[in-house]
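Notes follow the structure.
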Amino acid sequence: MSLELRKRLFAEFDSQMLVDPHTHINPHTPASTTLADILGYHYYTELAHSAGMDKQQIEQDGLEPQEKVRRLMANLAPLNNTIQYSWFVEMVSEFFGVPSESVTADNWETLYDVSSRKMSQSDWAQQVLRKSKLEAVFLTNDFDDPLEGWDTSVYVPCLRTDDLVFRLSDGNLRGRLEAATDLSITDVGTLEQAIGARFEHFVRNNARACAISLPPSFEPTRVSEGRAATAWTHICQEGESADSRHHRALGQFVFWRITELCADFHLPFDLMIGVNRGVYADGVFQGRDLYDSRVSLIQYEELFNAFPQVTFPVSVLASVTNQELASFAWIFPNVVTNGHWWYSNTPSFIERDAAARLEAVPRSKQIGYYSDMYKLEFGLPKFRMYKRVLAKVLAERFVLDRGWSESQAIQLGTELLRGNVDRIFGREATSD
Amino acid sequence: MSLELRKRLFAEFDSQMLVDPHTHINPHTPASTTLADILGYHYYTELAHSAGMDKQQIEQDGLEPQEKVRRLMANLAPLNNTIQYSWFVEMVSEFFGVPSESVTADNWETLYDVSSRKMSQSDWAQQVLRKSKLEAVFLTNDFDDPLEGWDTSVYVPCLRTDDLVFRLSDGNLRGRLEAATDLSITDVGTLEQAIGARFEHFVRNNARACAISLPPSFEPTRVSEGRAATAWTHICQEGESADSRHHRALGQFVFWRITELCADFHLPFDLMIGVNRGVYADGVFQGRDLYDSRVSLIQYEELFNAFPQVTFPVSVLASVTNQELASFAWIFPNVVTNGHWWYSNTPSFIERDAAARLEAVPRSKQIGYYSDMYKLEFGLPKFRMYKRVLAKVLAERFVLDRGWSESQAIQLGTELLRGNVDRIFGREATSD
Amino acid sequence: MSLELRKRLFAEFDSQMLVDPHTHINPHTPASTTLADILGYHYYTELAHSAGMDKQQIEQDGLEPQEKVRRLMANLAPLNNTIQYSWFVEMVSEFFGVPSESVTADNWETLYDVSSRKMSQSDWAQQVLRKSKLEAVFLTNDFDDPLEGWDTSVYVPCLRTDDLVFRLSDGNLRGRLEAATDLSITDVGTLEQAIGARFEHFVRNNARACAISLPPSFEPTRVSEGRAATAWTHICQEGESADSRHHRALGQFVFWRITELCADFHLPFDLMIGVNRGVYADGVFQGRDLYDSRVSLIQYEELFNAFPQVTFPVSVLASVTNQELASFAWIFPNVVTNGHWWYSNTPSFIERDAAARLEAVPRSKQIGYYSDMYKLEFGLPKFRMYKRVLAKVLAERFVLDRGWSESQAIQLGTELLRGNVDRIFGREATSD
């Protein structure tokens, strides 16, 4: 009974047009051109490498796409249990009509050719969006992105601020900020001016959010202009080797300033909390980051209190932080739960995390899912994975356990999948 | 099959008379007088506020009960997914005969009138207890409560000690302690005397437990009389602004002394571990507390070793601490698992936490549930929520997974719900 | 449907011959000789003690086995809900043909006699292995074990290194190391030589792994020879009372050296992370250890990066660390998930931990289970517990949720149960 019910709920969710509120899509090349773009996704390369495939096999200079696919196909068997592999199977089946069981390390070439032909069609990206039921996807743009050359109502700009908060000691980066703003950045004041100018640019170009990923050790706090000025001087002179207290102070100062700008420009500020970069030094590209799960949202107490007018869609990397996230969203009006991120983006974690949120966080404050994808083809299997889990939780915990009607459950799921995304990142945001 | 089985187990549990071992009931006005008492519970006000309702709307001076209910009813829709809202639906249906779907922001007035009439009946509190199958409820009394004017076998006194441990820097509070004991408290010695006198008073009046809620940072340790005397001097002179080490030392000293008194008077000491007070400064009344889940029961190592003769019913605020709780209760004879507290008092957390305890902690050392309620009407839906989850866990993990008979499962559940409460807080406790 | 499916999967898993990759079996007396060996297992004594049984009752000098069993049988009722008790029931039923319900505190003597007769058969250990479908079990040998007098292909040596890393301040222990190696250990250099000699001895005698259990505070790091020499001098002179920084430095030095030897000798290094020893000082034998769940695998970042050539099968004591374990095994080629340890070795934790691993860690990098047993009889019920949970997870999350065939699920489970054990600890390991 429960299985049939889950299928009905899933079918409803899967029939709706959605907006994906966080991706890493490049709007100039949103879709894949060969299977190498798909199997080159870090989930496959890092899992294959973890299972024993040599990094040089994957990242060899001048490697042709077809050869890269051949090599990776030969190394997928040890990871065919993972949910990430199931995304591959679903993409292959849905986009290229190849049944899941029939692709192997021996006959992948047919698939390669079929898929390459399809991907070379001029409207391939539109086909993928349509089939994936995605109406728009949010981007994650560098601060100096000109935001030109695409339809920003489909590929919605979002200002990524990691570089500004954590990498200002890099002179090239400061140079990029100067180039993007035509300002000479000589002190904290001109730095603030430059960042403000970038906000104006982004909001003028339909940006709907600001985003940042944060290490577990980060504790936002208000830092005085004077303290920031001292830090700035040291960092400009000493670069990366400046005392860590200066790096911390300047980062906190810029973070706080960015939050003020989010308030001024009415932008939600996506906080993605908990990642340690570069933990596995010899890992493959994008396969080096891990985390320390000993992080607490209490570190954000001052921030959440200081900015009641800013909406913070919060993602946590480790599922052990999910109860805190649910509790903080239950108490703080400006904290919103946001999707299921990275290492917590697998069915068993989504199931328990979504269940905890659904029973204690107001329904209007939960953003169900985002794909985090780099290529459009991943939207379909990732969203479907989430919709299946959502259907399971609603079927078991609301319809069966609590006596809800199916239509109530569908309404709730739909609000998480679509309604809240529209409202929270919605058209109300203006550059006034 | 499992659903039917769960219903049968639930029906058994729901037919039994219970004792609620932890509430915040005021024995002089135990039940609600209008719906405003029910919807004024912090779960509704904080969730409505979190979902966007202005705090002033809720806490306006001189707000009439009926107007308060009107305003809250207009703001419940965004939280109708929460388990807390389901408590409201169940109360309305069970106590006032109004089916769940029929109360809305538009027609709540009929409900208001019906419920007000019922609540004005002189035996309303008794009716509620009877319908809720509660034979007695434990209170949480201030140290200077005279404990007079009610039947202490139904409303059982329990000495709350937060003030004594954490707020002695408040001169008014010290004054209240002097007034309650007729002692002049001039030093640590007279302080100890005064606290001892309060224990005598409580035990003479049928108190069955001592209780305290503790922040994540608290680490009980034995502090010497001399160190405590130094802290006392500083705190009496400097009040709140005394060095935090003095506050900590005096708090630890008093906590240890209270535990010794629990030993002397044979009182269990309820430890409720993990709350940070006042995190959301602008929150509604009682809606400001959150937590840092990075707490460990290892902080209580010295305490549990030092007092083998004291029973510690332990509650943890965050579900991530539940495995530690289960493990400590499995090893330490004096540690008992106690209910499902606050942010962990929702079905999915209860389910996983109860399952972990049931499979590894001796059955005699588990107190199934307490309501933590402020008004009697909440006992019914809260206990039923627990009984449903308990039935689910026993059905799925004992009857189906492990081949237990239904009657074995019912016996185990009953022991958690009733037998252990009677024994652990039982009549053996005397003032000798 | 799901229950039948689970049973079929379980039956498949239970029909296969396995190798148990971590036990504390004494190869000279691998099986029990009376029921007192079984009920004397710390799980029963500590749970009975926790439920109120006096420690002296259990550990009285000169207590006869039969009397010990009589006393324990009289104290099992309060823990008959635990999964540990269910192991007892299953052993009694499978090995001695006594149905589970029929043994009580009143009629245990028949069971005692029946079991004693069986256990006195000369091939009892072989019978138990056969019935338990165990082909070989790994041991946990002290560094000075001569490794003589048994078939090391059935009872496979494994070098336990806790003593070398954490107890070198004990002069007797240093004496044992000298005796075992015929070396005079006067400095760090001769210490290294002695440890190296022990590796040679172990590998010559078919050792397949090195193992260590680690406290939550441990952080492996490379320590210079000079710093280690300073620590060594202090520790030899001052013993246990040497500054804790010297203890830490020497422990880290030895740990790093042991890891280098694992690399040299191609031995996997089992890391069992998270135990605090002696927390409950008055606990029964082996019933004193608990933990602080605030541990992170990020503490092992330097180690995992420094030794890509060493395989680390990692066990974590607390289930809250399981997601980190799954993520680190997903990223680091040399990190492998290893079983379900101690306080996390109960069905609900196994279920959630195994599910998280199965969906995100390459199948080739998961060692399903080890028993950790002290007597052979426990292999059967412990492995069966795991196989039942594995069958449940595969049935519900792979066959039903993800559409896998039963045979695919059986293959995956079999790989975890057997294939990976053979390969990871396999015959490739040589002393070259």
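Residue numbers (our numbering), protein chains in the order written: chain D, 13 to 444; chain X, 13 to 444; chain B, 13 to 444.
We treat Cβ as the ideally placed atom computed from N, Cα and C, and that holds for glycine.
- Annotation for residue 325/B: the continuous beta strand (DSSP E) segment containing it runs 324–328.
- Considering only beta carbons, the part of the region 273–304 of chain D lying closer than 9 Å to chain B consists of 288, 291, 292, 293, 294, 295, 299, 300, 301, 302, 303, 304, in chain order.
- Contact annotation: residue 71/X and residue 296/X have beta-carbon atoms nearer than 8 Å.
- By the neighbour-count definition (other C-beta atoms within 10 Å, threshold 16), residue 119/X is an exposed residue.
- The secondary-structure analysis by DSSP pairs residue 225/X across a beta bridge with 284/X.
- Taking the beta carbon of residue 359/X as reference, the chain D residues within 9 Å of it are 367, 371, 409, 413, 414, listed in sequence order.
- Inclusion of residue 369/X and residue 338/X in the CB contact set at 8 Å is warranted, their separation being smaller than that value.
- Our two residues, residue 275/X and residue 322/X, have alpha carbons roughly 5 Å apart in a direct line.
- Around residue 16/B, the same chain offers no residue with a beta carbon nearer than 8 Å, after the five sequence neighbours per side are excluded.
- The three-state reading of DSSP puts residue 188/X in helix, counting H, G and I together.
- Taking a Cβ-Cβ cut-off of 7 Å, residue 393/B has no neighbours in chain X, whose nearest Cβ is about 12 Å from it.
- The C-alpha of residue 409/X lies about 8 Å from the C-alpha of residue 367/X.
- When the Cα atoms are used, residue 58/X and residue 386/X turn out to be separated by approximately 15 Å.
- Leaving aside the five residues that flank residue 281/B on each side, the residues in its chain whose CB is nearer than 7 Å to its CB run, in chain order, 222, 271, 274, 322, 324.
- Assignment of residue 43/X by DSSP, reduced to helix, strand and coil, places it in the coil class.
- Between residue 308/B and residue 220/D, the C-beta spacing is not below 8 Å.
- With at least 16 other beta carbons inside 10 angstroms of its own, residue 62/B counts as buried.
- The beta carbon of residue 358/X is closer than 7 Å to those of 95 in its chain, skipping five residues each way along the sequence.
- Around the beta-carbon of residue 378/D, 16 or more other beta-carbon atoms lie within 10 Å, marking it buried.
- Spatial neighbours of residue 39/X in its own chain (CB-CB distance under 7 Å, excluding positions within 5 residues in sequence) are listed in chain order as 151, 162, 167.
- Check the Cα spacing between residue 79/B and each of 259/B, 64/B, 105/B, 52/B: the tightest is with 52/B.
- Remark: C-beta atoms of residue 123/D and residue 75/D do not approach each other more closely than 8 Å.
- In the three-state reduction of the DSSP assignment, residue 245/X falls in the helix class, which pools H, G and I.
- Collapsing the DSSP output to three states places residue 378/B in a strand.
- Here DSSP, grouped into helix, strand and coil, assigns residue 150/B to strand.
- Taking the C-beta atoms as reference points, residue 92/B is found no nearer than 8 Å to residue 60/B.
- Rounded to the nearest whole angstrom, the CA to CA distance from residue 65/X to residue 342/X is 45 Å.
- Contact between the region 254–261 of chain D and the region 23–32 of chain D is not established, with fewer than three Cβ pairs separated by less than 8 Å.
- For the C-beta of residue 335/B, the chain D residues within less than 8 Å are, from N- to C-terminus, 305, 330, 331, 332, 355, 356, 361.
- Shown here for residue 383/X: same chain residues with a beta carbon closer than 7 Å to its own, the five before and five after excluded, namely 32, 35, 390, 391, 394, 395 in chain order.
- Taking 7 Å as the Cβ-Cβ cut-off, the region 38–64 of chain X approaches chain D at 58, 59, 61, 62, 63, 64, given in chain order.
- Along the region 88–103 of chain B, going in chain order, the ones with a CB nearer than 8 Å to a CB of chain X are 90, 91, 92, 93, 94, 95, 96, 98.
- Annotation: residue 402/D has no Cβ neighbours in chain B at a cutoff of 8 Å; minimum Cβ distance is about 13 Å.
- Annotation: the region 90–168 of chain B contains the following complete segments of the alpha helix (DSSP H) (minimum length 4 residues), in chain order: 95–108, 120–131, 136–143.
- Close to residue 15/X, with beta-carbon spacing below 8 Å, are these residues of chain D in chain order: 412.
- Considered as a whole, the region 289–354 of chain X harbours 324–328, 347–350 as its complete beta strand (DSSP E) runs of no fewer than 3 residues, in chain order.
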